[in-house]
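Visitor: Each protein sequence line maps, in turn, to chains A and B. Going by full-length UniProt numbering, 69 is the number at position 69 of the first sequence; the sequence numbering is gapless. Going by full-length UniProt numbering, 98 is the number at position 98 of the second sequence; the sequence numbering is gapless. Just so you know, even glycine gets a beta-carbon here, dropped at the ideal spot from N, CA and C.
2 protein chains.
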Amino acid sequence: MRNLVMTVSYDGTQYFGFQSQPGGNTIQDRIEAAIEQLTGERIAITSSGRTDAGVHARAQIINFHTSSLIPLERWAMALNSRLPPDIRIMEARTADPQFHARRSAKRKTYRYTINTNRVPDVFQRHLQFHHPTRLDVEAMRHALRALIGEHDFTTFCSVKSTKPSHVRTIFDAEIVEERESAASSSSGLIHVFVTGNGFLQHMVRIIVGTLMQVGEGKRDPSEMAVILQARNRKLAGPTAMAHGLMLWEVVY
Amino acid sequence: MRNLVMTVSYDGTQYFGFQSQPGGNTIQDRIEAAIEQLTGERIAITSSGRTDAGVHARAQIINFHTSSLIPLERWAMALNSRLPPDIRIMEARTADPQFHARRSAKRKTYRYTINTNRVPDVFQRHLQFHHPTRLDVEAMRHALRALIGEHDFTTFCSVKSTKPSHVRTIFDAEIVEERESAASSSSGLIHVFVTGNGFLQHMVRIIVGTLMQVGEGKRDPSEMAVILQARNRKLAGPTAMAHGLMLWEVVY
Chain A
1 MRNLVMTVSY
11 DGTQYFGFQS
21 QPGGNTIQDR
31 IEAAIEQLTG
41 ERIAITSSGR
51 TDAGVHARAQ
61 IINFHTSSLI
71 PLERWAMALN
81 SRLPPDIRIM
91 EARTADPQFH
101 ARRSAKRKTY
111 RYTINTNRVP
121 DVFQRHLQFH
131 HPTRLDVEAM
141 RHALRALIGE
151 HDFTTFCSVK
161 STKPSHVRTI
171 FDAEIVEERE
181 SAASSSSGLI
191 HVFVTGNGFL
201 QHMVRIIVGT
211 LMQVGEGKRD
221 PSEMAVILQA
231 RNRKLAGPTA
241 MAHGLMLWEV
251 VY
Chain B
1 MRNLVMTVSY
11 DGTQYFGFQS
21 QPGGNTIQDR
31 IEAAIEQLTG
41 ERIAITSSGR
51 TDAGVHARAQ
61 IINFHTSSLI
71 PLERWAMALN
81 SRLPPDIRIM
91 EARTADPQFH
101 ARRSAKRKTY
111 RYTINTNRVP
121 DVFQRHLQFH
131 HPTRLDVEAM
141 RHALRALIGE
151 HDFTTFCSVK
161 STKPSHVRTI
171 FDAEIVEERE
181 SAASSSSGLI
191 HVFVTGNGFL
201 QHMVRIIVGT
211 LMQVGEGKRD
221 PSEMAVILQA
231 RNRKLAGPTA
241 MAHGLMLWEV
251 VY
């Protein structure tokens, strides 16, 4: 049995999220069906973590154990020819038998993209949340810094979470701006990158929904530390739309 | 009557091209329907030129004459709220009564994008032709230079063309490479930009289909001038897939 590890990129627009569901139409269902078509094996794959319906992945990591003898270098192309065009295996490698895509992960990075131009970009509309009014990025940066470190993130977690602990560590969080020109100070793209040891349900989207209220001037950046302390989901902003979110990188 | 000029961006994936058709589902049909909903006027809009089914536009230009009194600054948002999300009015302005989006155009630029990475980019798959084998870009540049100037482009024109003259001028043609890293000399994106005073049916796509054969080493770059002289469509390469093509800019 080999333990195969693959980097997977997907456009989540058409899917009910990563994790397998009775109704099907998930990324996991499609990949497992492609593996079964290719090898005849019914295998449950493991991912670095689920992504919600509509959320994308630049580099999701999966692993699974197989007794198939297909050479390593043939796996990506063989699976891609059996997958829909919005899911692609970017790379395949082998790992120690102990490697586990979720448990072995050391840090994960998500990116959330906000387009602040007056009119959305038709070509990237499935990847960008359109917010055509000015956001105070410096205030958002200030607010974001309050989240760095080990905290109980209950305030920024769906109330449906069943996790026994909401303590997670954010190693790094930053905002990168992409302006079309130096003059266009109130337009362009805002990318929010958050890197942590793990994320709770809707955590990045609730953080971004709250940051947008800070950017709009509806909240003071100093509130961020206060509501984090309170461990109360009601004190945070709304859950930002799924389509702006992308699983960016997983480090092992 | 005001003569309104608008810059329109569209993702052509779902449409049967720009120009109105009895079957509907064209960019023109959607824009005219939105204008009628907004103003009650049934107006035929003029564009800088049709684009084929599946071809995109970053900045198509349209104009139309209207007696509507809606203030200029409200048009873009008012039409966008009545258009599907893959068609956006980027900007509206007024022009002299004589301005005509096609006849007044001085130069148009098209971009064709080829992705030479091993695996396609799921997020840009609707905008990039995937060609996962190495292309000799220097040979393609050499071949492309033969097209600059005023020529009869019958070789690079659909045999279905009904145009009385196939003489057009290409002012500029260049290839811009986007590499992910200096080391990845056989992967990345290749953008072919072609600027001319007008384009024949399938002209850019046939040019690119021929350039790809040059890039693959199936043709010598010096053939380009020879087949251009011959005015024979059969001597050129295949018509490249529509989805890699985008109307980039129109200059007046």
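Report all residues from its chain with a CB closer than 8 Å to the CB of E32/A; omit the five preceding and five following residues, and keep chain order.
Guide: Counting only Cβ-Cβ distances below 8 Å, and skipping sequence neighbours, we find S20, R42, I43, A44 and I45.
Visitor: Reducing DSSP to helix, strand and coil, say where residue 256/B ends up.
Guide: In the structure as shown, chain B begins at 1 and stops at 252. Residue 256/B is therefore absent and cannot be evaluated.
Visitor: For I114/B and T195/B, I'd like the C-alpha separation in whole angstroms.
Guide: If you take the alpha carbons of I114/B and T195/B, they lie about 18 Å apart.
Visitor: For G18/B, which of I62/B, T162/B, M1/B and L38/B has the nearest alpha-carbon?
Guide: Checking the sequence shown, residue 18/B turns out to be Phe, not Gly. Ranking the options by Cα distance to F18/B, first place goes to I62/B.
Visitor: For K108/A, which residues from the same chain have a beta carbon less than 6 Å from its beta carbon, with the 5 sequence-adjacent residues on both sides left out?
Guide: Excluding residues within five positions, the ones whose Cβ falls inside 6 Å are V250.
Visitor: Would you kindly check if the distance between the Cβ of R111/B and the Cβ of F193/B is under 7 Å?
Guide: For F193/B and R111/B, yes; Cβs fall inside 7 Å.
Visitor: Quick one: what does DSSP say H243/B is sitting in, helix, strand or coil?
Guide: In this structure, H243/B counts as helix in the three-state DSSP scheme.
Visitor: With three or more beta-carbon pairs closer than 8 Å as the criterion, would you say the segment 233 to 248 of chain A touches the segment 1 to 19 of chain B?
Guide: As far as the Cβ criterion goes, the segment 233 to 248 of chain A does not touch the segment 1 to 19 of chain B, which means the pair count is below three.
Visitor: What separation, rounded to the nearest whole angstrom, lies between the Cα atoms of V226/B and M203/B?
Guide: So the alpha carbons of these two residues sit roughly 17 Å apart.
Visitor: Using a beta-carbon distance cut-off of less than 7 Å, what residues from the segment 103 to 135 of chain A approach chain B?
Guide: Correct list: V119, P120, V122, F123, R125 and L127.
Visitor: Which chain A residues are close to N25/B, counting only those with a beta carbon under 7 Å from its beta carbon?
Guide: Result: empty, since nearest Cβ-Cβ is about 17 Å, beyond 7 Å.
Visitor: Restricting to Cα atoms, I'd like to know which of A53/A, N80/A and P97/A is closest to R205/A.
Guide: Per the Cα distances, A53/A.
Visitor: To which residues of the same chain is N3/A closer than 7 Å at the C-beta, ignoring the five residues directly before and after it?
Guide: Same-chain partners within the cutoff: N63, H65, T94, A95, D96, P97 and F99.
Visitor: Is the distance from the Cβ of residue 259/B to the Cβ of S104/B below 7 Å?
Guide: Examination of residue 259/B is not possible in this model, given that chain B is present from 1 through 252 alone.
Visitor: With a 10 Å radius around its C-beta and 16 neighbouring C-beta atoms as the bar for buried, classify P221/A as buried or exposed.
Guide: Classification of P221/A: buried, given that the 10 Å Cβ count is 16 or more.
Visitor: If the criterion is Cβ atoms closer than 7 Å, does the pair M1/B and S67/B meet it?
Guide: For M1/B and S67/B, yes; Cβs fall inside 7 Å.
Visitor: Should G198/A and R219/A be called a contact, given that it needs their Cβ atoms to be closer than 7 Å?
Guide: Taking 7 Å as the Cβ cut-off, G198/A and R219/A do not qualify as a contacting pair.
Visitor: Quick check: the Cα distance between V55/A and M246/A, rounded to an integer number of angstroms?
Guide: So the two alpha carbons sit approximately 6 Å from each other.
Visitor: Can you tell me which residues form a DSSP beta bridge with V55/A?
Guide: None, per the DSSP bridge assignment.
Visitor: Whole angstroms are fine: how far does the CA of F153/B sit from the CA of F171/B?
Guide: Using only the alpha carbons, I get a separation of about 14 Å.
Visitor: Counting only runs of 4+ residues fully inside the segment 52 to 128 of chain A, write out the alpha helix (DSSP H) ranges in chain order.
Guide: If we require 4 residues or more, the alpha helix (DSSP H) runs fully inside the segment 52 to 128 of chain A come out as 75 to 80.
Visitor: Verify the CB distance criterion: does M90/B have a CB-CB separation below 7 Å to chain A?
Guide: Answer yes: the Cβ-Cβ gap between M90/B and chain A drops below 7 Å somewhere.
Visitor: At what residues does the beta strand (DSSP E) containing M6/A begin and finish?
Guide: Taken as a continuous stretch (DSSP letters only), the beta strand (DSSP E) holding M6/A covers R2 to Y10.
Visitor: Taking the continuous alpha helix (DSSP H) assigned at G215/B, which residues delimit it?
Guide: Taken as a continuous stretch (DSSP letters only), the alpha helix (DSSP H) holding G215/B covers M203 to G215.
Visitor: Would the beta-carbon of R125/A fall within 7 Å of that of P85/B?
Guide: Result yes, Cβ atoms of R125/A and P85/B sit closer than 7 Å.
Visitor: Just to make sure I have the definition right: I need the residues of chain A whose C-beta is within less than 8 Å of the C-beta of D220/B. Which are they?
Guide: By Cβ distance, chain A contributes nothing, its closest Cβ being about 31 Å from D220/B, past 8 Å.
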